[in-house]
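Let me begin by presenting the structure, written as structure tokens, before commenting on it.
Protein chains: 2
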Amino acid sequence: MNYKIELSSEEVPKKWYNINADLPCELPMPKNSEGRNQIEDLQKAFTKAALDQEFATERYIKIPQKVRELYMQMGRPTPLFRAKRLEEKLNTPAKIYYKREDTSPTGSHKLNSAIPQAYFAKKEGVERLTTETGAGQWGTALSLACSLLDLDCTVYMVKVSFNQKPDRKNIMNIYGGEVFASPSENTEFGRKVLAENPDHVGSLGIAISEAMEEALNNDNVKYTLGSVLNHVMLHQTVIGQELKTQLEIANEEPDTMIACVGGGSNFAGALYPFIKDKLDGNSDTKFIAVEPSACPTLTEGKYEYDFGDSNGFTPLLKMYTLGHDFVAPSVHAGGLRYHGMCPQISLLAHEGYINPVTAHQRDVFNAGIQFAKCEGIVPAPETTHAIKAGIDEAIKCRQTGEEKTIVINFSGHGMLDLKGYANYFSGEMPNSK
Amino acid sequence: MNYKIELSSEEVPKKWYNINADLPCELPMPKNSEGRNQIEDLQKAFTKAALDQEFATERYIKIPQKVRELYMQMGRPTPLFRAKRLEEKLNTPAKIYYKREDTSPTGSHKLNSAIPQAYFAKKEGVERLTTETGAGQWGTALSLACSLLDLDCTVYMVKVSFNQKPDRKNIMNIYGGEVFASPSENTEFGRKVLAENPDHVGSLGIAISEAMEEALNNDNVKYTLGSVLNHVMLHQTVIGQELKTQLEIANEEPDTMIACVGGGSNFAGALYPFIKDKLDGNSDTKFIAVEPSACPTLTEGKYEYDFGDSNGFTPLLKMYTLGHDFVAPSVHAGGLRYHGMCPQISLLAHEGYINPVTAHQRDVFNAGIQFAKCEGIVPAPETTHAIKAGIDEAIKCRQTGEEKTIVINFSGHGMLDLKGYANYFSGEMPNSK
Ligand SMILES: Cc1ncc(COP(=O)(O)O)c(C=O)c1O
Ligand SMILES: Cc1ncc(COP(=O)(O)O)c(C=O)c1O
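Chains as they are written, first to last, in this note's numbering: chain A, 672 to 1104; chain B, 672 to 1104.
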């Protein structure tokens, strides 16, 4: 049998799918908080293309030929694999497929948005992109994208991550990215924080402020984000469109589709094209969004206006949120520790189109190990959440006898996050937090 | 254009190619050293299948269906990529292709031999496999193969590597491999070494002795090797056979084929099926074997009988060797620090069928970075040697105007070896040694 379904380079999608065109009700707009004008800042910090796409309402947006070409050169389309050995191990009648975003050179789906963001910046005459990174996957992807498009790249990495994950800095350096531990001496904001506390270990909020400050003070510099915002979701839809073609080739209709959610971009990318069918009334597929129990945004957060960052630099976004001052316990799935959620996904969850579930830390690592022992690939800590939910669904099928088709978005590999697994084996990992 | 050439699962080769059938002269047999009987030990330590294959003379050996199935489930065939961006960067008329063995779940070609070795052991009723590992790629592959075939796995890892590369231990643990820092307290040999020097940092020779001792003392335990021997080369020929099909699809005749050489297995695997054509008088392809200038086995070694290990436990093998007591300087390409070379490759080099070249450490990392910035994938330190030679060949084509087709075997990715790159950036890396 064929264990993998590959598409040729030419089958990279020609358009991104924009779910704004199909949402069941109007997406609430970002707002300024009282007496401040964060929207103006945002407009200055991002490229024009990103802002246009953020609020675009056309259903499909053409992927520039150069971006398609780069997607191809970086190996897209990614393969779809059948987890036959895992099925056998679980003794389930269910069929389990996984879409392999780990095959991206940087090891996750993040490059899908980094490439177009760098492309549009280059086109607008920008010379340098800035961003912040926590877990490191986004900074890595942006560093490579900037190398591909001949841009400079500055990454503010939360100081505690910077010190704990030297390999993340190393790989960004290979791609030519410049990485600073944040708070840094580069920016006014960083210097202010350091003046108050020279030993500050940093936070994502501070890193965002530093990266944005550079963009606000310099016309040749723009700021980028790797998740949460609509234009990032849009770019990621290449995943789901390829997946549609691949499932057609496999002659499968998915019963259950699963992705982990941090800011929402891999979930959106892989599932929006299928959620469209449900919005159109043509599908019964169940869409499961998996979050860590340590950061239960969709399951325990409130659907309300909140800041996108912890410092109140961004406009208010209507989304599920645990509060912008929520600090998630330090779990190994660094990419899933965000207090908020993409506004589109929040709306879809609120309207009942998405099933959010949580998973405990020890349980997801256990699922990741089970997966690796059967299928070979070691999943990223974020990805193990989707795998845990997939295994749970497959076990349910064993109990009910249903031959469901389960599709997991395999968002990334764990080669640069093996310490989390070591912590699991040490027995010192707390379960939920 | 199509940047990658993929084959379906069903196109995994059905046979391994055995170059013993086509060598230009008879391969000298292993010998005992005076007054000792290492051949008998070898016979006891290895599986029967491995020994049979070692001396087999049939041209093709059937791949058991279960092994083919596992190759497929682990993602074979691997893709062939065109390095179009690198070509453009080098401004060369040459076409550069690379065969992506890094797409194996363990990140290198090593799984191609680990799977059949584990399969045959299982078939012979073995319960546990032992091995040694230096750089860690082979131990990782064997750990996964043992998980796939439900065998226990014990890896003796040279203590200094064990301490420097915790992630290698972590990934082997994920697959269920048990990893000991060698010298260990598990074996008589290890205890003897520790009694003399409790702080001994270990060596590959000691680790081999420990792993072999376990196999010699226990009928349910067998010893395995990840390179140098003929049966390992045999298993790796799935690479080259796939590559033949892929180059046919691309409508290309390779002018130059390149692989790095440690013990020789990725070179043999990717190139033997093409070397066959040359032996048959049907090809002019140039075959380049790249070694580090710090360990110049083929370029500066002698072609003579020598021990396979540093302690004289193995029989004498006729091969290029720097002397079994040669200790290569500690370069980052740990997999290329072996004093000897596969006897088949040695013979072919001696007879002029292979062009060996050396490369300096700083130059190969520089080539690796150039590659990563164009093509995205970060190569393993071993693999950068092949890339360096490929870039040199492409630059020659720029000078001569020749539109050569250059094919590089991309033996593995560098995600677990990023420290080497950091060392390069620090400016502290010596060039050759
Ligand atoms: C491998 C991987 N998966 C998932 C995520 C979560 O992000 P998102 O929800 O935007 O896909 C991240 C974020 O860093 C990631 O690196
Ligand atoms: C990625 C990689 N390439 C090449 C080698 C060299 O081994 P061989 O010459 O047997 O292919 C190794 C050995 O560890 C390796 O890990």
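Where is the CB? At the ideal position from N, CA and C, for every residue including glycine.
* Flag F984 (chain B) as yes if its beta-carbon sits less than 8 Å from any beta-carbon of chain A, otherwise no. => no
* Any heavy atom of ligand 1 closer than 7 Å to the CB of Q1032 (chain A)? -> no
* Asked: Can you list the residues of chain B that I842 (chain A) reaches, using a CB-CB cut of under 7 Å?
  -> V1049 and L1089
* Asked: Could you give the residue range of the alpha helix (DSSP H) that holds L950 (chain B)?
  -> S936 to L950
* What is the DSSP secondary structure of A1030 (chain A), counted as helix, strand or coil? -> strand
* Residue-level contact to chain A via CB, A1043 (chain B), 8 Å cutoff -> yes
* To do: Determine the DSSP secondary structure at H1010 (chain A), reduced to helix, strand or coil.
  => coil
* Asked: Assuming C1068 (chain B) and T763 (chain B) make a contact with CB atoms under 8 Å, what is their CB distance in whole Å?
  -> 5 Å
* DSSP puts S853 (chain B) in a beta bridge; with which residues? -> B:V829
* Is there at least one non-hydrogen atom of ligand 2 closer than 7 Å to the beta-carbon of W809 (chain B)? -> yes
* CB contact check: Q744 (chain B) to chain A, cutoff 8 Å -> yes
* Asked: Looking only at C-alpha atoms, which of A:G778, A:M672 and A:K737 sits nearest to S1082 (chain A)?
  -> A:G778
* Look at the alpha carbon of L1018 (chain A) and the alpha carbon of L698 (chain A), and state the distance between them as a whole number of angstroms. => 7 Å
* Asked: Since G1061 (chain A) meets chain B, which of its residues come closer than 9 Å, beta carbon to beta carbon?
  -> Per Cβ cutoff of 9 Å: no residues; G1061 (chain A) is ~17 Å from chain B at best.
* Shorter than 8 Å from the beta carbon of N673 (chain A) to some beta carbon of chain B? -> yes
* **Short Cβ contact (8 Å threshold) for V899 (chain B) with G979 (chain B)** => yes
* **Against chain B: residues of the region 1007-1041 of chain A by CB proximity under 9 Å** => G1039 and I1040
* How about Y827 (chain B): is its C-beta nearer than 8 Å to some C-beta of chain A? -> no
* Where the region 845-870 of chain B meets chain A: residues whose CB sits under 7 Å from a CB there -> I845, Y846 and G847
* Asked: Secondary structure at L900 (chain A), three-state DSSP: helix, strand or coil?
  -> coil
* For G873 (chain A) versus V831 (chain A), is the C-beta spacing smaller than 8 Å? -> yes
* Whether S853 (chain A) touches G861 (chain A) by CB criterion (8 Å) -> yes
* What are the residues that DSSP puts in a beta bridge with I734 (chain B)? -> Answer by DSSP bridge pairing: none, since I734 (chain B) is not bridged.
* Under 8 Å between C-beta atoms, does A765 (chain A) make it to chain B? -> no
* Paired residues, beta bridge with A930 (chain A) - DSSP -> A:A960
* Asked: CB of A1051 (chain B) to nearest heavy atom of ligand 2: below 7 Å?
  -> yes
* Tell me where the alpha helix (DSSP H) around E758 (chain A) begins and ends. => K755 to L761
* To do: State yes or no: is the C-beta of N937 (chain A) nearer than 7 Å to some heavy atom of ligand 1?
  => yes
* Asked: Ends of the alpha helix (DSSP H) at Y688 (chain B)?
  -> It is not in any alpha helix (DSSP H) - Y688 (chain B) instead sits in the beta strand (DSSP E) that spans K686 to Y688.
* Asked: Between R1118 (chain A) and chain B, is there a C-beta pair that is closer than 8 Å?
  -> There is no way to answer for residue 1118 (chain A), as the model of chain A reaches only from 672 to 1104.
* **Candidates A:V797, A:G1023, A:K836 and A:A721: closest to G810 (chain A) by CA position** => A:K836
* Helix, strand or coil: how does DSSP classify R799 (chain A) here? -> strand
* Between the Cα of P925 (chain B) and the Cα atoms of B:A941, B:E740 and B:G796, which residue gives the shortest distance? -> B:A941
* Residue span of the alpha helix (DSSP H) that contains R839 (chain B), given as start and end -> P837 to I845
* At a Cβ cut of 7 Å, what residues of the region 809-836 of chain A count as close to chain B, listed as they run along the chain? -> L815 and S818
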